[in-house]
Structures are given as C-alpha cells and as structure tokens.
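As structure tokens, the structure follows; a few thoughts come after it.
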Amino acid sequence: MSEDLLNESFGTLSETINGLIKIGYIHDFNIQEECIVCHQTNVKLSPSEFHIEKVYRFEGESNPDDQSILYVISSPKFNIKGTLVNGYGISSDEATAKVIEKLQTHPVPASPESKSNEATPLRPEGDRVIDAPLLEMNLDGFITQIKNEVTWKESDRNSLTIFKSKTMRIVLMGLHENAELKPHKANGVISVQVLEGKINFSAEEQSCILEKGKMIALHENIVHSVTALKDSFFLLTLSMNAK
8 MSEDLLNESF GTLSETINGL IKIGYIHDFN IQEECIVCHQ TNVKLSPSEF HIEKVYRFEG
68 ESNPDDQSIL YVISSPKFNI KGTLVNGYGI SSDEATAKVI EKLQTHPVPA SPESKSNEAT
128 PLRPEGDRVI DAPLLEMNLD GFITQIKNEV TWKESDRNSL TIFKSKTMRI VLMGLHENAE
188 LKPHKANGVI SVQVLEGKIN FSAEEQSCIL EKGKMIALHE NIVHSVTALK DSFFLLTLSM
248 NAK
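If you count the sequence shown from 1, position 72 lands on 79 in our numbering, and the numbers rise without skipping.
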C-alpha cells in the first residue's frame with residue numbers, strides 16, 4: 008500500500024512533502040556530520056539505521072539553485088518516517104552533497120553509462136537522457152520546449168538541465184526581459200553562452216553585455232549575477248571541482 012502511494016505524482020516539491028505527510032512521513036530530517044537527525048524527536052540515525060524508500064527529483068523552474076532531491080526515509084528500528092531535502096544547484100553546499108551520497112543506501116536507478124531524468128508533473132514525459140558517453144542535444148528543440156511550458160508563460164524564467172555528470176552540468180536557461188539571477192557564486196568554473204536575446208552578466212567590479220554568439224568564462228567562488236535585457240536563452244555550464 009505504502010509503495011503504491013509513493014509511486015504517485017504529488018506535484019511540486021512542497022506539494023510532494025505535504026502529500027507524504029498525509030501518508031505518514033511526518034518527520035523532517037537534516038544532515039549532521041555523517042548521520043541524519045530528526046530534531047522533532049531528537050533521534051539521530053546512522054546509515055545502517057534507515058532506508059531510503061523513494062527518491063523524487065525536481066528540476067528547477069527558475070535557476071539551478073532551485074533544483075532539489077527529496078529523499079523519503081524510514082527507520083524500522085525507531086519506527087519513524089520522514090523526508091530529507093537536498094538542493095543540488097550550482098550554489099549547493101558541496102560537503103552536504105557528498106554526505107548525502109555517502110548516506111544513500113539504495114541502488115541508483117540509472118547506470119553510469121546512461122542516465123535519464125525522472126518524470127515530473129511539469130515534465131511528465133520523463134526518460135530524457137542527461138548523461139551518456141556521447142550525448143547529442145537539440146538546443147532549438149529544448150528552447151521550444153521551455154517556451155511551451157506553463158512555467159515560462161506564467162513566471163519570469165524557466166530552465167532545463169540538458170547534461171549532468173559527476174564533473175560537469177549544462178543547464179539551458181530562459182529569462183524574460185528584466186528577470187534577474189540574484190548574486191550568487193558557484194563552486195566550480197562556469198561558462199555562459201547566449202543563444203538568443205541579450206543579457207548583462209556582472210561579476211564583482213566587472214560587467215559585460217552578452218548577445219547571441221558571445222560567451223564568458225568565470226572562475227569558481229566569484230559572486231555574480233545575470234539580468235535579461237530582453238527575452239533571452241543561454242547555456243550555463245558548470246565544471247565541478249574534484250576533491
């Protein structure tokens with residue numbers, strides 16, 4: 008019964024958390040060193056004391072910082088169920104991501120040779136390959152897809168992860184005129200290549216105007232921001248630092 012309910016699509020990240028609460032996953036887990044803790048019950052769980060029953064992946068509707076993974080967790084030993092949320096955008100804490108990877112005790116659904124995204128309520132088709140030894144990407148097709156989605160029509164931005172491996176991530180981002188990516192920094196070298204439109208890219212004391220056919224590269228841990236001067240689409244590539 009529980010497994011069937013977990014296979015349902017609840018909606019957005021917040022809707023999924025609320026849906027899981029209704030079926031008994033009421034506790035909020037957080038990472039603490041190499042364990043997870045529930046502050047509501049003051050319970051600390053080591054990796055051997057809990058199971059990950061389900062993983063929900065949510066692609067960001069705005070920028071890579073909005074992307075999240077929701078872990079559905081249970082511990083028969085302590086008779087406790089709940090969820091743990093991990094943001095995995097370009098500004099997510101790298102140490103946290105490594106801890107979660109270490110805590111993960113279930114098989115990864117996709118093989119290293121070929122990895123696909125999972126279906127979401129906003130992108131129900133799913134099964135789009137985002138990692139393979141050789142991956143061909145139809146940028147014009149992806150731009151059309153973004154433009155046709157309700158997120159683009161009802162908000163000031165939309166994005167699509169088109170490649171993701173352990174060492175590199177490529178996100179196609181669309182911003183309506185005057186939309187802004189607030190100042191933030193990445194934990195790896197990035198590049199930005201404009202495919203359509205015109206953006207202002209600012210980093211510390213420098214700024215530059217980028218149009219179709221232009222791109223920039225930026226070293227890690229430099230605060231930067233982006234403002235769309237007209238409706239724009241660009242590729243954001245992040246090369247993750249190896250530890």
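Each residue gets a CB set at the ideal place from its N, CA and C atoms; glycine is no exception.
Keep in mind the model is a prediction, meaning the values are calculated, not measured.
Inclusion of residue 225 and residue 178 in the CB contact set at 8 Å is not warranted, their separation being larger than that value. When the Cα atoms are used, residue 77 and residue 211 turn out to be separated by approximately 34 Å. It is roughly 35 Å from the alpha-carbon of residue 247 to the alpha-carbon of residue 87. A buried status is given to residue 61, since no fewer than 16 other beta-carbon atoms sit within 10 Å of its beta-carbon. Its Cα nearest to that of residue 154, the residue 183 stands out among 19, 23, 48 and 183.
In the DSSP secondary-structure assignment, residue 167 is bridged to 179. Within the model, the alpha-carbon separation for residue 207 versus residue 216 is close to 5 Å.
Between residue 171 and the set 198, 223, 245 and 232, the nearest pair of CA atoms involves 245.
The residue among 145, 50 and 186 with its C-alpha nearest the C-alpha of residue 161 is 186. In terms of Cα proximity to residue 27, the closest of 204, 91, 137 and 147 is 91.
Short of 7 Å from the beta carbon of residue 241, and not among the five residues preceding or following it, lie these beta carbons of its own chain, in chain order: 180, 199, 200, 201, 202 and 206. CA-to-CA, the gap between residue 141 and residue 204 works out to about 29 Å.
Residue pairing by DSSP places residue 200 opposite 222 and 242 in a beta bridge.
In the structure shown, residue 149 adopts helical secondary structure according to DSSP, grouped into three states.
In terms of CA proximity to residue 146, 243 leads the group 243, 34, 39 and 18.
Secondary structure note for residue 234: it is in no alpha helix (DSSP H), and the uninterrupted beta strand (DSSP E) holding it is 231-235.
When only Cα atoms are considered, residue 218 and residue 37 end up about 42 Å apart.
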